[in-house]
Amino acid sequence: MKGIYLDHASAMPVDPRVLAFASKHLNNPGNPSSLYSEGLEAKRAIEDARGKIAELVNAEREHCIIFTGGATESNNLAIKGTALRNMGKGKEVVTSAIEHMSVLNPMKDLQKSGFKLTVVPVDSTGMLDLEKLDDSLTKNTTVTSIMYANNEIGTIEPIREMSEIVHEKGLYLHVDATAAEGRIPIDVQNGGIDLLTLSSNDLYGPQGAGAIYIKPGVKIQPILPGGGQERGLRSGTENLFAIAGMGEAARIAKDEMGEESVRLVRMRDELIKDILEIEESYLTGHPTKRLPHHASFHFDRIEGESILLNMDSMYGIQVATGSACSSKTLEPSHVLLAVGLKHEEAHGSMVITLGRSNNLEQVPRIVKGVKETVERLRKLSPL
Ligand code: PMP
């Protein structure tokens, strides 16, 4: 029987339309910086992708988009690049307790080199505490980084309100939109976003490309100096295949997002309703302000890793647990601890993230798999 893939927050299949589009560029030997025709063709493909990504997020101009090697690099560039470039104004940085490690770790690096780091808490649904955000900002804060939506619990943050608080004090807001892009509309101008992280694979594009939106006038410095590509902000020969694919993936996402999210919300809500019938099962994240494709839970008295392995081996269904991108760590998820779960509760988590290959007909098979898995594991559990 064909498997059911339910871990789109960790990795996504490349859309066949994206693959067909990007493959046209695989055999072009031209470097986008070269002036002969192959180089110019490569350059055109990159500028075409830049335009499509600018449209996806309503950037003021195409050149507000800078290509990188992925979301981790974009987050590092946004945080370190802004903090270091603006050090003259102050040495304070602010983030939330539920950010991805690719935000938290560069923040901690800055802390080690003398910056003051403030981590703003969230409530039990994962919503940022706006009053504490306000209290954390001072005239010395150079960058505030808060995610658009969380990849582990699906909660969508109040971006507009956050940006008003940050801008009232004349400061910069960076937003990691990796979990939200292509799922819900993102408008950097209307949302008041200064820097935005995007990833190709989270749009069904190839791995190995990402982007950062930088609002006109925002000053950052490169963290990867070299040959001066991408307006000098990200040196290195561009990954033509992945960037062309990312652009096409952004175009498709923009076109199809409305219909796709209605379809996935129906499936998500069916799954949540049926899975919560299991005794001692709980939804994590916000009950309504959550991503359309995201259903996340914790179950008492079992381990998330065992759920993941059982669902895969017995039912051919792939789910995630804890930190979706790094299930190899056995530490409880910092996100689940931040929303107030105890260590043993955080260990029993299961994350389902839906995608284009999923449909309503799969719901009974998934629910049966989860119910039987939880029952089986609880019988074996010493807890
Ligand atoms: N931010 C968020 C919210 C993520 O979920 C991820 C992982 N998909 C990343 C950043 C880092 O992405 P990557 O590992 O592709 O660089």
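In UniProt numbering, the protein residues as written are 1 to 383. Glycine included, every Cβ here is placed at the ideal spot set by N, Cα and C.
Under the 8 Å Cβ criterion, the segment 222-232 does not count as touching the segment 244-262, having fewer than three qualifying pairs. Less than 7 Å separates the beta-carbon of Q111 from that of L117.
In the three-state reduction of the DSSP assignment, D109 falls in the helix class, which pools H, G and I.
For M350, the uninterrupted beta strand (DSSP E) run begins and ends at 349-353, by DSSP.
Minimum Cα-Cα distance from N27 among the listed residues E41, I153, G232 corresponds to E41. For secondary structure counted as the beta strand (DSSP E) over 3 or more consecutive residues, the segment 333-379 holds these complete runs in sequence order: 349-353.
Look at Y315 here: in three-state DSSP terms it is helix. Taking the Cβ of H100 as the reference point, at least one heavy atom of the ligand PMP falls within a distance shorter than 6 Å. In the structure shown, the three-state DSSP call for H63 is helix. Of the candidates K371, S349, G285, the residue whose Cα lies closest to the Cα of S124 is G285. The three-state reading of DSSP puts F299 in strand, counting E and B together.
Relative to the ligand PMP, A71 has its C-beta within less than 6 Å of a heavy atom.
Distance from the C-beta of N151 to the nearest heavy atom of the ligand PMP is below 6 Å. Residue range 240-275 is occupied by the alpha helix (DSSP H) that includes I275. The three-state secondary structure of I212, taken from DSSP, is strand. I66 and D194 have their C-alpha atoms spaced approximately 13 Å apart. As the crow flies, the alpha-carbon of V370 is around 43 Å from that of D135. Across the structure, L137 and D312 are spaced so that their CA atoms are roughly 45 Å apart. In the structure shown, the three-state DSSP call for D7 is strand. Around the beta-carbon of P206, 16 or more other beta-carbon atoms lie within 10 Å, marking it buried.
Considering only K215, V265, A180, the residue with the shortest C-alpha distance to L198 is A180.
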